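Input: a single structure, listed below in structure tokens.
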Amino acid sequence: MQPINQQVKSSKDATTRSNNSDKNTITINSQETLGLIEHGSELIIGITTPVGTTFRTKTAFIGTHSHKVILAELPNISDEDLKFFFQEGFWTVVRAISPRGQGGMIQFRSQISHVVRAPFPMMALSIPSTMQLTPLRTEPRYDVNLPAKAHSTNHRIDCDLRDLSRGGCQFVTSALSRPFDIGESVELHIVTRSSKNPVFDPLFGSVCNIKPSPHNIRYGIKLDIRGKNNAKKLLSQLKFDGSKLTLRS
Numbered sequence: 001m002q003p004i005n006q007q008v009k010s011s012k013d014a015t016t017r018s019n020n021s022d023k024n025t026i027t028i029n030s031q032e033t034l035g036l037i038e039h040g041s042e043l044i045i046g047i048t049t050p051v052g053t054t055f056r057t058k059t060a061f062i063g064t065h066s067h068k069v070i071l072a073e074l075p076n077i078s079d080e081d082l083k084f085f086f087q088e089g090f091w092t093v094v095r096a097i098s099p100r101g102q103g104g105m106i107q108f109r110s111q112i113s114h115v116v117r118a119p120f121p122m123m124a125l126s127i128p129s130t131m132q133l134t135p136l137r138t139e140p141r142y143d144v145n146l147p148a149k150a151h152s153t154n155h156r157i158d159c160d161l162r163d164l165s166r167g168g169c170q171f172v173t174s175a176l177s178r179p180f181d182i183g184e185s186v187e188l189h190i191v192t193r194s195s196k197n198p199v200f201d202p203l204f205g206s207v208c209n210i211k212p213s214p215h216n217i218r219y220g221i222k223l224d225i226r227g228k229n230n231a232k233k234l235l236s237q238l239k240f241d242g243s244k245l246t247l248r249s
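Numbering-wise (UniProt numbering), the sequence shown opens with residue 1 and increments by one.
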């Protein structure tokens, strides 16, 4: 990943609401906020050295250790930059995007407490008492686990619907399946396992983002008018099973 040199402004912890112009930004407990960041997701790290030199790069979130520190991979940058900027005691401004719920940008100020270079390059960051969260969606997105079939003009494949809102959704396919393209129109047909479940109209929309990984491919779908109406009907037939929304039996 290539670093991006950029001035990074330090942010001070607020007590109830941030002082910036975005009135939607709120300050919440760090332990609650960290649960919104998915393992392996991207972190944007902004570092300011004691003499005021700034550096910005990207890396991957690993997780937390005993709720005391945040673990992240060391970024793929030159050894010179690693030695100069990633030193214990340096302060960072960290940003992450959470896809859960209403989705949001998470930001917090943290200190590099440990740097490990071998056998697995990683760093430990202090956990502040609070973090700032700015919602990105106007509607909540719910975690679901529904088998489906994705249809387009060119092909049809099995998939799993992983999250759903009234305006969009995400489905997952095998990494080996034939890919869809950005902007391609897609119909998602929900597969029901029981004759007791009603037959749902397809979710109509177009591919707006693609996130490939070695194991699968995740597609973000922006629903059209028909898709939004059908998503509303589908959401009304779901129930919470303790971790995700599933079809009512």
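Even for Gly, the Cβ is constructed at its ideal location relative to N, Cα and C. What you are looking at is a predicted structure, and each value in this text was computed from that prediction instead of being measured.
Top-ranked residue by Cα proximity to residue i, from the options
{"i": "A72", "options": "G52, V51, A96, D81", "result": "A96"}
{"i": "L82", "options": "L176, I62, P121, G52", "result": "P121"}
{"i": "T53", "options": "I127, E38, F90, I28", "result": "F90"}
{"i": "T134", "options": "I47, I77, K244, T27", "result": "T27"}
{"i": "R109", "options": "T92, D158, A150, I62", "result": "T92"}
{"i": "L245", "options": "L176, P212, R162", "result": "R162"}
{"i": "G220", "options": "E32, A124, D160, T49", "result": "D160"}
{"i": "L146", "options": "N29, P202, Q31", "result": "P202"}
{"i": "L125", "options": "I62, G40, G103", "result": "I62"}
{"i": "L136", "options": "S194, G103, F240, T25", "result": "G103"}
Under 8 angstroms between C-beta atoms of residue i and residue j
{"i": "A148", "j": "V207", "result": "no"}
{"i": "N230", "j": "F200", "result": "yes"}
{"i": "Q132", "j": "I112", "result": "no"}
{"i": "Q237", "j": "R226", "result": "no"}
{"i": "I210", "j": "R178", "result": "no"}
{"i": "A150", "j": "N216", "result": "no"}
{"i": "K58", "j": "I44", "result": "yes"}
{"i": "P128", "j": "S30", "result": "yes"}
{"i": "L164", "j": "L74", "result": "no"}
{"i": "V172", "j": "R100", "result": "no"}
{"i": "F180", "j": "S213", "result": "no"}
{"i": "M123", "j": "V115", "result": "yes"}
Residue i: first and last residue of the uninterrupted alpha helix (DSSP H) it sits in
{"i": "G205", "result": "Looking at the DSSP string, G205 is not in any alpha helix (DSSP H); the run it does join, the beta strand (DSSP E), is 203 to 212."}
{"i": "N230", "result": "225 to 235"}
Residue i, enclosing beta strand (DSSP E) - first and last residue
{"i": "K239", "result": "238 to 240"}
{"i": "T246", "result": "245 to 247"}
{"i": "I182", "result": "Note, I182: premise wrong, no beta strand (DSSP E); not H, not E."}
(request) Return the chain-ordered ranges of every beta strand (DSSP E) run that is complete within the segment 95 to 175 and spans a minimum of 3 residues. (result) 104 to 116, 122 to 126, 130 to 135, 142 to 151, 156 to 164, 168 to 174
(message) Runs of 4 residues minimum, wholly inside the segment 20 to 104: which ones carry the alpha helix (DSSP H) assignment?
(response) 30 to 34, 79 to 85
(message) Counting beta carbon pairs with one atom in the segment 206 to 220 and one in the segment 176 to 188, are three or more of them shorter than 8 angstroms?
(response) A contact exists between the segment 176 to 188 and the segment 206 to 220.
(message) I want to know whether the segment 32 to 39 touches the segment 139 to 156 - three or more CB-CB distances under 8 angstroms.
(response) no
(message) Using 8 angstroms as the cut-off, can you tell me whether the segment 60 to 78 makes contact with the segment 160 to 179, which would need three or more C-beta pairs spanning the two stretches below that distance?
(response) no
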